[in-house]
Amino acid sequence: MKTQTLDYQNYSEQNKIEMIDFYNEASEDYEFWSNDFNMHFGYFIPFKTNPFKRDSMLNQMNAQVIKCLNIKDTKNRLVDLGCGMGGTMRYALKQFKNIIAYGVTLSDFQVQQGNNLLKGKNGIILKENYNNTSFKSNSFDSAVAVESFCHSGHGENSLKEAHRILKPAGRLVIADAFLKKDATELCKGAHYSYKSLCDHWSLEKLETHSFIKEKLETLGFKNIKVEDVSFRVAPSVLHVPFAIAGFILKKLLSFKSIKRESLHNLKGSFYALITGLHMKSFGYYIISATK
Ligand SMILES: C[S@@+](CC[C@H](N)C(=O)[O-])C[C@H]1O[C@@H](n2cnc3c(N)ncnc32)[C@H](O)[C@@H]1O
10 MKTQTLDYQN YSEQNKIEMI DFYNEASEDY EFWSNDFNMH FGYFIPFKTN
60 PFKRDSMLNQ MNAQVIKCLN IKDTKNRLVD LGCGMGGTMR YALKQFKNII
110 AYGVTLSDFQ VQQGNNLLKG KNGIILKENY NNTSFKSNSF DSAVAVESFC
160 HSGHGENSLK EAHRILKPAG RLVIADAFLK KDATELCKGA HYSYKSLCDH
210 WSLEKLETHS FIKEKLETLG FKNIKVEDVS FRVAPSVLHV PFAIAGFILK
260 KLLSFKSIKR ESLHNLKGSF YALITGLHMK SFGYYIISAT K
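Counting with my numbering, you get residues 10 to 300 for the letters of the sequence shown.
Given below as structure tokens:
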């Protein structure tokens, strides 16, 4: 049992090192995915978002996440736990003038470039681990985690830290892919695509949405809402093959080689699409809760 725990710790540490390297080298590629550097999937609303315009769906995901925060017109301290290039922060700052936004990431590239994109705005990106930040307890009104907690395997530590830094009545919103059943119950095809996805995108593992709900309850969160938005997200996932083909073509036409990390990212995107097709095993959820 002890050796098993140590093995997992080593795996987790190795995964973190690979994840940081991945984002330092491949973050710039995301400009191809999103002009606004959104590093997540989108949210489709018929007759509102154009399914052929990726960024309109990606920004709609930001809108949906922020809507769940129930931001009023008083001062609101927001933290983005795993903020990437700050896409969600910039969207929130544009919508609300009363927000002060903090983002955390472990990638130096994202800290530097993300802060450049935030110049003149009421936000800052810090190099911090969302599992163990230096923020004071009870200091934020809002916390979001968009496709970021999966890198730490949707672990309890991430939820615990979010709970610690949120003020009483503060809101947490998580948008991510989750398992619908235990990983041991996956069929061969689902298991293969899931393992390949984790490997290529440096995800420690995914958890079930029911595990997250249970942990949020144990931590003392209230008003927990778990919403399956898989069908809303699907149109943006279908952009993946076209985005991959376009990215490769652009590199070929400019006689530029493709970095190892970029290739890894492209393969990860492909496995995300394959994983998403196993709809009985995986789903995309927006989970919100109040401290
Ligand atoms: C797929 S990106 C999503 C970025 C952003 N939330 C978005 O939607 O554009 C995942 C992000 O999580 C960050 N991340 C992963 N593990 C982290 C950790 N332990 N502490 C802080 N950030 C982390 C990565 O650096 C990256 O910025």
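Using N, Cα and C, we set each Cβ at its ideal position, and we do this for glycine too.
Taking 7 Å as the cut-off, the C-beta of Asn124 does not count as close to any heavy atom of ligand 1.
Distances taken from the Cβ of Tyr139 to the heavy atoms of ligand 1 include one shorter than 7 Å.
Remark: the shortest separation between the CB of Met288 and any heavy atom of ligand 1 does not fall under 7 Å. The DSSP-derived three-state label of Glu223 is helix. Pro250 and Ile283 have their C-alpha atoms some 11 Å from each other. Setting aside the 5 residues that flank it on each side, Lys169 is surrounded in the same chain by Leu228, each with a C-beta closer than 7 Å to its C-beta; the list follows chain order. The three-state secondary structure of Val242, taken from DSSP, is helix. Listed in chain order, the non-local C-beta contacts of Ser143 below 6 Å within the same chain number zero, local neighbours out to five positions each way being set aside. Residues of the same chain with a CB within less than 7 Å of the CB of Val238, apart from the 5 flanking positions on each side, are Tyr52, Tyr293, Tyr294 and Ile295 in chain order. Taking Phe240 as reference, the option from His287, Leu212, Lys260 and Lys224 with the minimal CA-CA separation is His287. In this structure the region 134-149 does not lie against the region 185-194, because fewer than three pairs of beta carbons, one per stretch, are closer than 8 Å. In the DSSP assignment, Asn85 falls within the unbroken beta strand (DSSP E) covering Asn85 to Leu90. Within the DSSP secondary-structure output, Leu275 pairs in no beta bridge. DSSP places Ser43 outside any beta strand (DSSP E), giving it a letter other than H or E.
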